[in-house]
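Colleague: Just so it is clear: in the sequence shown, position 229 is 923 by this note's numbering, and no numbers are missing. From the three backbone atoms N, C-alpha and C, an ideal C-beta is built for every residue, glycine too. Right, I'll just put the structure down here and ask away after.
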Amino acid sequence: MLSLLKKLTTGTPAPATPAADKVDPYMLGLHDAMLSGWFNQQTGELFSGFPVAPEDILLDVGCGDGGNVHFCGMRGAKIIIADIDAAKVEATRQRLSDTPARDVECHVTDCNPLPIADGTVTRVVSTEVIEHVDDPAQFLAELVRVGRPGALYLLSVPHPSSEDLQKDIAAPEYFQKPNHIRIISEEQFKAMVSEAGLEVLSHSQYGFYWSMWMLLFWEAKVDFSNADHPLLNHWADTWQAVLNSPRGAQIKQALDAVVAKSQVIIARKPG
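Shown next, in the form of C-alpha cells:
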C-alpha cells in the first residue's frame, strides 16, 4: 500500500517540514501492526500463527520493499524473493545482505509461472498482491505448486471495508490496472484460498489506523514522500493518544473489527 501511494503521488508539492517532535505516522503504523500480530521478535512469528525458523525455505511473492523478508532473514531462513519490479528485487536483495539468512535467491517474474520447482518451499508469503493480478486462481495455483506438503502460507488482501471507504475519495488510478483491479470480500478470499487446495487455519483483519490515514491522505493532496499536513498530523497524534489510553488496546480491537486496512489468512498445504 505504501509503495502504491508513493507512485500515485510523486511530484505533488508538500507543505513545510514539520516540527521534530511530531508523531511519525509510519513508525506509529508499524507499532500498530505489531499490536495486531506482526513481527513478533519473541516468538519468531512474522504474523500470529506463522513462525519462521532457520530451517525454513521462505518464498515472498510480491516482495515490495522487503520488510517482511527482512524479518524472516533475521530468523536465519533461506529466502526466495519474487517480484515483477526488478528495482524492488534488487533493493530487497541489498536489504537482506545485513541479515543471517542462510541463502538468498532472487527472481524478477510475473509469476506466470514462478521459476521455482514443485514442492520447494516450507513458507509462502504474499501480501497485498492478489487484488492486482488478472487471474487470482492461476496465481494461487502457482503458490500452492511450489509449497511442500505441510507448508504454511501467509496471504493478505485489502479488506473491503477500507476499500469501500476509499472509493469516492481516492485517486482514480488507485482502482485501475496495475493497481487494485478488484475488491475481495471476506467470503471470496476464504473461497479463493480453499479452492486453491489450502486449509485455512485463521482469518483476521487489522488496520483501522491506516484506513483512516489513507482517507485523509487523499484529501490532504500531499506528496507521499513528505506527507506532512494538519489532517495527517492530527490523526497520528489522536491515534497515538488512543493507543496510550487505559483501554487503548480494546478500542483498537473494536475499530479494527469495523474498518480494517487488510485481511490476513494463514493456511496450510495438506499432506
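If I measure Cβ to Cβ from Trp933 and keep anything under 7 Å in the same chain, skipping five residues before and after, which residues do I get?
Modeller: Leu722, Tyr903
Colleague: Does the beta-carbon of Asp777 have 16 or more other beta-carbons within 10 angstroms, so that it is buried, or is it exposed?
Modeller: buried
Colleague: Does the Cβ-Cβ distance between Arg817 and Asp750 come in under 8 Å?
Modeller: yes
Colleague: Considering just the uninterrupted stretch of the alpha helix (DSSP H) at Gln736, what are its terminal residues?
Modeller: Per DSSP, Gln736 belongs to no alpha helix (DSSP H) and is neither H nor E.
Colleague: Bridge partners for Ser820 per DSSP, in chain order?
Modeller: BP columns for Ser820 point to Leu849.
Colleague: Please list, in chain order, all residues of the same chain as Ala771 whose beta carbon is under 8 Å from its beta carbon, the five residues on each side excluded.
Modeller: Val746, Ala747, Pro748, Glu749, Asp750, Ile751, Leu752, Ala795, Arg796, Arg817
Colleague: Can you check the stretch 774-821 for any alpha helix (DSSP H) of at least 4 residues that lies completely inside it and give the ranges in chain order?
Modeller: 780-790
Colleague: Starting from Val916, trace the beta strand (DSSP E) both ways and give me its first and last residue.
Modeller: Looking at the DSSP string, Val916 is not in any beta strand (DSSP E), and its letter there is neither H nor E.
Colleague: Please go through the same chain and pick out, in chain order, the residues whose beta-carbon is closer than 8 Å to the beta-carbon of Val887, but skip the five residues on each side of it.
Modeller: Leu834, Tyr847, Leu849, Val894, Ile959, Ala961
Colleague: Within the continuous beta strand (DSSP E) that includes Glu825, where are the two ends?
Modeller: Note, Glu825: premise wrong, no beta strand (DSSP E); not H, not E.
Colleague: Can you give me the C-alpha to C-alpha distance between Asp950 and Ala727, rounded to a whole angstrom?
Modeller: 11 Å
Colleague: Using beta-carbon positions only, say whether Ile774 and Val815 come within less than 8 Å of one another.
Modeller: Going by C-beta atoms, Ile774 is nearer than 8 Å to Val815.
Colleague: Cα separation between Cys757 and His928?
Modeller: 31 Å
Colleague: Got a sec? Which residues, its chain only, sit under 6 Å from Glu799 by beta carbon, not counting five neighbours each side?
Modeller: Answer for Glu799: Ile774, listed in chain order.
Colleague: According to DSSP, Asp754 sits in a beta bridge with which residue or residues?
Modeller: The bridge partners DSSP lists for Asp754 are Ile775, Val819.
Colleague: Determine the direct distance from the alpha carbon of Val840 to that of Arg876, and round the result to whole angstroms.
Modeller: Here the C-alpha atom of Arg876 lies approximately 25 Å from the C-alpha atom of Val840.
Colleague: Does DSSP put Leu895 in a helix, in a strand, or in coil?
Modeller: strand
Colleague: Only counting the same chain, and skipping five residues up and downstream in sequence, which positions put a Cβ closer than 7 Å to that of Val838?
Modeller: Ala890, Gly891, Leu892, Lys963
Colleague: Secondary structure at Leu698, three-state DSSP: helix, strand or coil?
Modeller: Its pLDDT being 49, under 50, Leu698 is placed unreliably in this model, and the value from its coordinates should be taken loosely. Three-state result, Leu698: helix.
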